[in-house]
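Under my numbering, the sequence shown is numbered contiguously, ending at residue 274. Glycine is no exception: its CB is placed at the ideal position from the N, C-alpha and C atoms.
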Amino acid sequence: MNLTDRIVVVTGGAGGIGAALARRFAAEGAAAVVVADLDAEAARAVAEGIGPVAHAAAVDVTDEAQVRALVDDTERRFGRIDLFCANAGVTTGGGVEVDDAGWDRAWRVNVLAHVYSARAVLPGMLARGGGHLLHTCSAAGVLTAVGDAAYTATKHASVGFAEWLAITYRDRGIRVSALCPQGVDTPMLADGIAEGHLGARVITASGAVLTPDQVADAAIAGLAEERFLILPHPEVADYARRRAEDPDGWQAGMRKLIRRLTTRQSPR
Ligand SMILES: NC(=O)c1ccc[n+]([C@@H]2O[C@H](COP(=O)([O-])OP(=O)(O)OC[C@H]3O[C@@H](n4cnc5c(N)ncnc54)[C@H](O)[C@@H]3O)[C@@H](O)[C@H]2O)c1
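In structure tokens:
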């Protein structure tokens, strides 16, 4: 897909990667970019910064009625949706001790919201014979997010769901891409780095922390090539290969990295 004259929706568009995607889609010539977010004021600021092709929308992606209304409103206003980016995501920053409300929130934002948007946009896309779904998953969806059990489990589920969509709908004109960055310099990771979270330290030790604009560049290239797996950090492909070929060896390597990082941090 190239973006010229496209109608695009980006959830989680008010910050980080979503805002960078929205800006980049507009720069590539999209006819309309709907910047949708729980934070309506921030979405409005991003849309205003982009200019007249951008439109802000308030949405809680965990509420199916709101997602359907976002899709219906966009289709009514612009006639269609060519590209829907299910990008909003949340971390929990904990392990098995995280309460059910935390697990539920991760499941609803990181997975169920992708089901809601696919359910809402697919009928129109299938009727028109084409469309593209870009799901922001994570390298955590093909590897593991050290220190965040619910993030790991739900991001794996999001990659699984995207793959299911790709296999099921590709021959009916629907393209699906799973965007799986590792570390990206957004509030989600910056907070973890500032607080010294082990997960954030593992991420920074495992590769470059990219800017959201660099992730948008990778997304544009992946969309142009209609690739399923978009890996802004190429090293993630090697990690995933190693993990698939030798799961025990890969886990041993992860444990060694964690030991190295935690030992270095301990007071002498
Ligand atoms: N930052 C990273 O290192 C990193 C790495 C891999 C994947 N990701 C993924 O990229 C995506 C974007 O994350 P980011 O780093 O830009 O984080 P971010 O926190 O900067 O932005 C996330 C946006 O999603 C919005 N959002 C959260 N819950 C929502 C809801 N229920 N409804 C609507 N909007 C909601 C937030 O308001 C925010 O604007 C997420 O799916 C995240 O998991 C981030």
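CB-CB under 6 Å to TRP113, same chain, minus the five flanking residues each way: which ones, in chain order?
Same-chain partners within the cutoff: THR160.
ARG176: which of VAL16, ARG233 and ILE209 sits nearest, CA to CA?
Answer by Cα proximity: ARG233.
Are GLY22 and VAL16 closer than 8 Å when you measure CB to CB?
Their beta carbons are not under 8 Å apart, which means GLY22 does not touch VAL16 by this criterion.
Within the chosen definition, does the segment 168 to 175 reach the segment 197 to 205 through at least 3 CB pairs nearer than 8 Å?
Flag = no, the segment 168 to 175 and the segment 197 to 205 do not touch.
Any idea which residues DSSP pairs GLY137 with across the strands?
DSSP lists ILE180 as partners of GLY137.
For a test of the three-state rule: what should DSSP assign to THR142, helix, strand or coil?
Strand at THR142.
Between the segment 65 to 74 and the segment 116 to 123, are three or more C-beta pairs nearer than 8 Å?
The answer is yes - the segment 116 to 123 touches the segment 65 to 74, with three or more Cβ pairs under 8 Å.
To the nearest angstrom, how far is it from the Cα of SER272 to the Cα of VAL152?
Low confidence applies here, because SER272 scores a pLDDT of 49, under 50, leaving its location unreliable; read the following figure in that light. Going from the Cα of SER272 to the Cα of VAL152 covers about 18 Å.
Just the Cα atoms here: how many angstroms apart are SER183 and ARG86?
Their backbone Cα atoms lie some 19 Å apart in a straight line.
Out of GLU169, VAL115 and TRP170, state which residue places its alpha-carbon closest to the alpha-carbon of GLY18.
Per the Cα distances, VAL115.
Roughly how many whole angstroms lie between the Cα atoms of THR158 and ARG83?
Spanning the two alpha carbons is a distance of roughly 37 Å.
With C-beta atoms as the reference, is LEU27 less than 8 Å away from CYS91?
Their beta carbons are under 8 Å apart, which means LEU27 touches CYS91 by this criterion.
When burial is assigned at 16 or more other CB atoms within 10 Å of the CB, is ALA193 buried or exposed?
Note that residue 193 is Pro in the sequence shown here, rather than Ala. Its Cβ having fewer than 16 others within 10 Å, PRO193 is exposed.
Please determine if the segment 101 to 108 and the segment 33 to 43 are in contact, where contact requires at least 3 C-beta pairs separated by less than 8 Å.
Output reads no: the segment 33 to 43 does not touch the segment 101 to 108.
For ASP79, which residues does DSSP report across the bridge?
DSSP lists no partner for ASP79.
Helix, strand or coil: which one does DSSP assign to VAL127?
DSSP places VAL127 in helix when its eight states are reduced to three.
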